[in-house]
Amino acid sequence: MFPLNNRLTVIGSRNSCLIKRFYSSDSLMSSENYCANLVRKHDYENFLCCLLLSNAVRSTAFAVRGFNVEVAKVEDQVSESRLAQMRLQFWIETLDNLFKENVPQHPVAQELYKAIQRHKLQKHHLRSLVSARVGRLSSVTFPTLEAVEQYAESSVSPVYYLLLQAVGVQNVHADHAASHLGKAQGIVNTVRGLPHHCTRRIVMLPQDVLTRHSVAHESVIRGSRDQPVRDVVFEVATRAKQHLDKARSIKDKLPKEAHVLLLPAAATSWYLEKLQQLDFDVFHPKLQRRNQLLPWTLYLNKLLKRCLSTKRLKNEISCKT
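Numbering (this note's numbering), first residue to last: 3 to 323.
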């Protein structure tokens, strides 16, 4: 074993080399580089996880996650519903064309086509990533916590289903773990995105939970750090923690090829732990900072084969003190 300092140096060097692979001069304008850069810019935690995948699946992971970024950022980039619908319709039509071997001149489409050809990716999972965003155009808020949960299942879990397919895993336990991790990650994304969405006067917290705690939209938009808002965040975060625990509960039943695909559990777990430490104050400045230790955490989790066995919260999140 390396001494700790040497091991950290090796980890840092490995990440640096992997990043350089996508930014070398001979691949600067490649579609593969475009997808990697897109994920790095908009989905940094999953970018780090992709770097730790094997060569055989890394490009596919960047293609799938790059595609998910493209459809996810439509909501932020286009304020008019009709224009957003048109852009999402472009991706629906693009998927149809890719499965007809008609590839548009778009780097994400080109990489996605290669991934489809390599691994015979299922169209309905890719289509779900777009359909989930189309469904959001008619209502930017969630009526219930179950609606948040379902949106996470439609907009995050399919990424894991596709990556499992890419590594050749057909296993009901792996599918269940992917479903629960996707829901946990998606629900956490809703909480993490709250400060950003509030700048656009959009409250992503579910209405039924807001009503239960007598919290008005305007209080959330103003960035209230009062106890009722924290109670709402606590209830939503608890649901994410429950799904994360369910994914962990079946980790011993997973094929070894599936474990590394579930590395993002570490980032989700870290956020929930930090949120708990700050008494569920979602607007606290410490929650807006990037986790500088995440690259090392991810690498060590992969090395020790504990992708779903990250440090548990000190106290059960459902037993807040």
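Don't be surprised by glycine CBs; every beta carbon is placed ideally from N, CA and C.
These numbers come from a predicted model, not from an experiment.
Residue state for K255 is assigned as helix, using DSSP reduced to three classes. With respect to the C-alpha of R60, the residue from V76, W93, V71 and E113 having the closest C-alpha is E113. In this structure, the beta-carbon distance from L40 to V71 falls below 7 Å.
Counting the other Cβ atoms within 10 Å of the Cβ of A38 gives 16 or more, which makes it buried. Under the 10 Å beta carbon count, N104 is surrounded by fewer than 16 other beta carbons and is classified as exposed. With 16 or more other Cβ atoms from the protein chains shown falling within 10 Å of its own Cβ, D45 counts as buried. Taking the C-beta atoms as reference points, C309 is found nearer than 7 Å to L264. The Cβ atoms of V190 and L207 lie no closer than 7 Å to each other. Fully enclosed alpha helix (DSSP H) runs of no fewer than 4 residues occupy 57 to 74, 76 to 79, 83 to 100 and 109 to 121 of the region 48 to 133, in order along the chain. Excluding the 5 residues flanking it on each side, V238 has same chain C-beta neighbours closer than 8 Å at L147, V150, I189, T192, V193, L207, P208 and V211, in chain order. If you compare the alpha carbons of R89, S181 and F69 with that of L131, the shortest gap goes to F69. When the five nearest sequence neighbours on each side are left out, the beta carbons in the same chain lying within less than 7 Å of the beta carbon of L100 are those of A111, L114, Y115 and I118, in order along the chain. In chain order, V150 and P208 place their CB closer than 6 Å to the CB of F144, counting only its own chain and leaving out the 5 sequence neighbours on each side. In the DSSP annotation of this structure, the continuous segment of the alpha helix (DSSP H) that includes V222 starts and ends at H219 to I223. Within 10 angstroms of the beta-carbon of K307 lie fewer than 16 other beta-carbons, which makes it exposed. Spatial neighbours of Q87 in its own chain (CB-CB distance under 8 Å, excluding positions within 5 residues in sequence) are listed in chain order as V136 and L139. Segment contact: the region 292 to 306 against the region 217 to 234, fewer than three CB-CB distances shorter than 8 Å; contact not assigned.
Its Cα nearest to that of K102, the residue K122 stands out among K122, R84, Q91 and L85. For C309, there is no enclosing alpha helix (DSSP H), since its DSSP letter is neither H nor E. Inclusion of L90 and V76 in the CB contact set at 7 Å is warranted, their separation being smaller than that value. L55 sits buried, since 16 or more C-beta atoms from the chains shown fall within 10 Å of its C-beta.
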